[in-house]
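What follows is a set of notes on a single structure, which appears directly below.
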Amino acid sequence: MGIVNATPDSFSGDGLHLRPEAAIAAARRMFEDGAAIVDVGGESTRPGADGVPLDEELRRIEPVLEGLQGEAISIDTTKAEVARRALALGAVLVNDVTGMRGDPELAGVVADAGAYVCLMHMRGEPRTMQEDPRYDDVVSEVKAFLEERIAFAVGAGIAEERICVDPGIGFGKTLEHNLQLVRRLPELVALGRPVLVGYSRKSSLGKILGDQSARRGTAAASVGAALAAFERGAAMFRVHDVREHVEALTVAAAIGSAA
Ligand code: HH2
Numbered sequence: 000m001g002i003v004n005a006t007p008d009s010f011s012g013d014g015l016h017l018r019p020e021a022a023i024a025a026a027r028r029m030f031e032d033g034a035a036i037v038d039v040g041g042e043s044t045r046p047g048a049d050g051v052p053l054d055e056e057l058r059r060i061e062p063v064l065e066g067l068q069g070e071a072i073s074i075d076t077t078k079a080e081v082a083r084r085a086l087a088l089g090a091v092l093v094n095d096v097t098g099m100r101g102d103p104e105l106a107g108v109v110a111d112a113g114a115y116v117c118l119m120h121m122r123g124e125p126r127t128m129q130e131d132p133r134y135d136d137v138v139s140e141v142k143a144f145l146e147e148r149i150a151f152a153v154g155a156g157i158a159e160e161r162i163c164v165d166p167g168i169g170f171g172k173t174l175e176h177n178l179q180l181v182r183r184l185p186e187l188v189a190l191g192r193p194v195l196v197g198y199s200r201k202s203s204l205g206k207i208l209g210d211q212s213a214r215r216g217t218a219a220a221s222v223g224a225a226l227a228a229f230e231r232g233a234a235m236f237r238v239h240d241v242r243e244h245v246e247a248l249t250v251a252a253a254i255g256s257a258a
């Protein structure tokens, strides 16, 4: 899953897609590089970010989705109205970082459209989520949360086969929490739904490499995290550097399936 941010303030520093033409071109390049789907977002969820009003989010994403009709597009939003517009413009998956807790109407929009949904775990909200996050057992708690959210989604009329789950790397988690979630990923895979991991360029990668004030990680560090997640059963990878991930994962998969 390639990432296209139509935002001025994403943590990864790639808010270069504010112009619709630039965002569309970036998405097309990601498909050429082997992305199966591209995630378009108009609201940054980086730590400390404030929300974006509905009108502004629509203004950012609509022209991008119009330019990408016919492609496999995911919409990164927490708002039912944005999801509704995006699905009408051809998006196939709604990627909601609140796990459908943010907008009470979102589940109905996804169910009515027969769309796919990604349910992500987040502790708190982006503005405050990195203020001293604590868990007794982060993996068990994330697993229980995702299990409950799957049941909620199915109860709202979304087919279970249309749901994928995501531990939410960096969303109300310390560096050690993030590592644990990937190390023990098989416990989340046991939920029976495809697991998406989004470690790409996140600051904890830079911290692992010794820079405690890192604001983002490198492409190489991101690929390392993706391979570790792949080895533990992750099925989807939300990434900025598509070609690098596709090449690395293709080789890892070939080795994994070699006779
Ligand atoms: N991370 C971000 C945004 N959306 N969605 C899922 N499912 N999983 C993630 O890990 C995830 C996500 C990161 O936030 P943002 O500031 O929007 O940056 P970017 O979109 O460049 O990753």
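Here numbering that gives the first Met the number 0 is used: the first residue of the sequence shown is 0, the next is one more, and so on. The beta carbon of each residue, even a glycine, is placed where N, CA and C say it ideally should be. Only a predicted model underlies this, so the values are computations on that prediction, with no experimental measurement involved.
Quiz item: Of the choices Ile157, Thr249, Ile72, Arg122, whose alpha-carbon is the least far from that of proline 46?
Solution: Residue 46 sits at position 47 when you count from the first residue of the sequence shown. Of Ile157, Thr249, Ile72, Arg122, the residue nearest in Cα terms is Arg122.
Quiz item: Would you say the beta carbon of cysteine 163 comes nearer than 6 Å to a heavy atom of the ligand HH2?
Solution: As a first step, residue 163 is located in the sequence shown; it is residue number 164 there, counting from the start. Flag unset: Cβ of cysteine 163 not near the ligand HH2.
Quiz item: Taking the DSSP output, what are the residues bridged to leucine 118?
Solution: Residue numbering aside, residue 118 sits at position 119 when the sequence shown is read from its first letter. Asp95, Val164, per the DSSP bridge assignment.
Exercise. Could you say which of Phe30, Thr6, Asp102 lies nearest to arginine 59 if we only look at CA atoms?
Key: Position 60 of the sequence shown, counting from 1, holds the residue named residue 59. The shortest Cα separation from arginine 59 among Phe30, Thr6, Asp102 belongs to Thr6.
Quiz item: Three or more C-beta pairs closer than 8 Å, one from the region 202-217 and one from the region 107-115: is that the case here?
Solution: no
Quiz item: Using the C-alpha atoms, what's the distance from valine 241 back to methionine 0?
Solution: Position 1 of the sequence shown, counted from the start, is the residue given in the question as residue 0. Position 242 of the sequence shown, counted from the start, is the residue given in the question as residue 241. Roughly 8 Å separates the two Cα atoms.
Quiz item: What do you reckon, is the C-beta of aspartate 75 under 6 Å from a heavy atom of the ligand HH2?
Solution: Looking up residue 75 in the sequence shown gives position 76. Correct: aspartate 75 has its Cβ closer than 6 Å to the ligand HH2.
Quiz item: Under 6 Å from any heavy atom of the ligand HH2, does the C-beta of serine 256 make it?
Solution: Here residue 256 refers to the residue found at position 257 when the sequence shown is read from its first residue. Checking the Cβ of serine 256 against the ligand HH2 gives no.
Quiz prompt | Environment of valine 39 [buried if 16+ CB atoms lie within 10 Å] | solution = Taking the sequence shown and counting its residues from 1, the one referred to as residue 39 is at position 40. So valine 39 counts as buried.
Exercise. With a cut-off of 8 Å on the beta carbons, I'd call alanine 110 and alanine 155 a contact; round off their distance for me.
Key: Here residue 110 corresponds to residue number 111 of the sequence shown, with the count starting at 1. Here residue 155 corresponds to residue number 156 of the sequence shown, with the count starting at 1. Alanine 155 and alanine 110 do touch by the CB rule: their CB atoms are close to 5 Å apart, below 8 Å.
Quiz prompt | Heavy atom of the ligand HH2 within 6 Å of asparagine 177 beta-carbon | solution = Against the sequence shown, residue 177 aligns to sequence position 178. False, no ligand heavy atom lies under 6 Å from that Cβ.
Quiz prompt | For glutamate 130, the nearest candidate out of Gly209, Thr173, Gly98, Thr44 (CA to CA) | solution = Residue numbering aside, residue 130 sits at position 131 when the sequence shown is read from its first letter. When each option's Cα is compared against that of glutamate 130, the closest is Thr173.
Quiz item: Taking one C-beta from the region 86-106 and one from the region 17-33 each time, how about it: are there three or more such pairs within less than 8 Å?
Solution: no
Quiz item: Hey, glycine 167 and methionine 119: beta-carbon distance below 7 Å or not?
Solution: Residue 167 sits at position 168 when you count from the first residue of the sequence shown. Residue 119 sits at position 120 when you count from the first residue of the sequence shown. Contact: yes.
Self-check item: Collapsed DSSP secondary structure at leucine 208 in the structure displayed
Solution: Translated into the one-based positions of the sequence shown, residue 208 becomes position 209. Leucine 208 falls in the coil class under three-state DSSP.
Self-check item: Endpoints, beta strand (DSSP E) assigned at valine 3
Solution: For this step, residue 3 is matched to residue 4 along the sequence shown. Valine 3 -> beta strand (DSSP E) spans 1-4.
Quiz prompt | Close beta carbons around valine 138, own chain, < 7 Å, minus the five adjacent residues each side | solution = On the sequence shown, residue 138 is found 139 positions in, with the first residue counted as 1. Hits under 7 Å: Gln179, Leu180, Arg183, Glu186.
Practice problem: For leucine 262, name the three-state secondary structure that DSSP assigns. | Solution: Residue 262 cannot be examined here, being either before or after the span of the chain that is shown, 0 to 258.
Self-check item: Between the CA atoms of aspartate 135 and glutamate 70 - distance to the nearest angstrom
Solution: As a working mapping, residue 70 is identified with position 71 in the sequence shown. As a working mapping, residue 135 is identified with position 136 in the sequence shown. Approximately 42 Å between the Cα atoms of the pair.
Quiz item: If we count the other Cβ atoms within 10 Å of its Cβ and call it buried at 16 or more, is serine 43 buried or exposed?
Solution: As a first step, residue 43 is located in the sequence shown; it is residue number 44 there, counting from the start. Buried, by the Cβ-count rule.
Quiz prompt | Heavy atom of the ligand HH2 within 6 Å of glycine 171 beta-carbon | solution = Residue 171 sits at position 172 when you count from the first residue of the sequence shown. It does not: the Cβ of glycine 171 is nowhere closer than 6 Å to a heavy atom of the ligand HH2.
Quiz item: How about isoleucine 36: is its Cβ closer than 6 Å to a heavy atom in the ligand HH2?
Solution: Your numbering for residue 36 matches position 37 in the sequence shown. Not so, every heavy atom of the ligand HH2 lies at least 6 Å from the Cβ.
Quiz item: Where does the unbroken alpha helix (DSSP H) through isoleucine 254 begin, and where does it stop?
Solution: Translated into the one-based positions of the sequence shown, residue 254 becomes position 255. From DSSP, the alpha helix (DSSP H) with isoleucine 254 extends over 241-255.
Quiz prompt | Contact check, valine 3 vs alanine 25, beta carbons under 7 Å | solution = The residue given as residue 3 occupies position 4 in the sequence shown. The residue given as residue 25 occupies position 26 in the sequence shown. Contact flag set, yes.
Quiz item: Since arginine 83 contacts isoleucine 149 with CB under 8 Å, what's their CB separation in whole angstroms?
Solution: In the sequence shown, the residue the question calls residue 83 occupies position 84. In the sequence shown, the residue the question calls residue 149 occupies position 150. So it is not a contact: roughly 22 Å between Cβ atoms.
Practice problem: May I ask whether a heavy atom of the ligand HH2 can be found less than 6 Å away from the beta carbon of glycine 197? | Solution: Along the sequence shown, one-based indexing puts residue 197 at 198. Yes, Cβ of glycine 197 sits closer than 6 Å to a heavy atom of the ligand HH2.
Quiz prompt | Distance, leucine 17 Cα to isoleucine 36 Cα | solution = Counting from one through the sequence shown, the residue named residue 36 turns up at place 37. Counting from one through the sequence shown, the residue named residue 17 turns up at place 18. Each residue's alpha carbon lies about 20 Å from the other.
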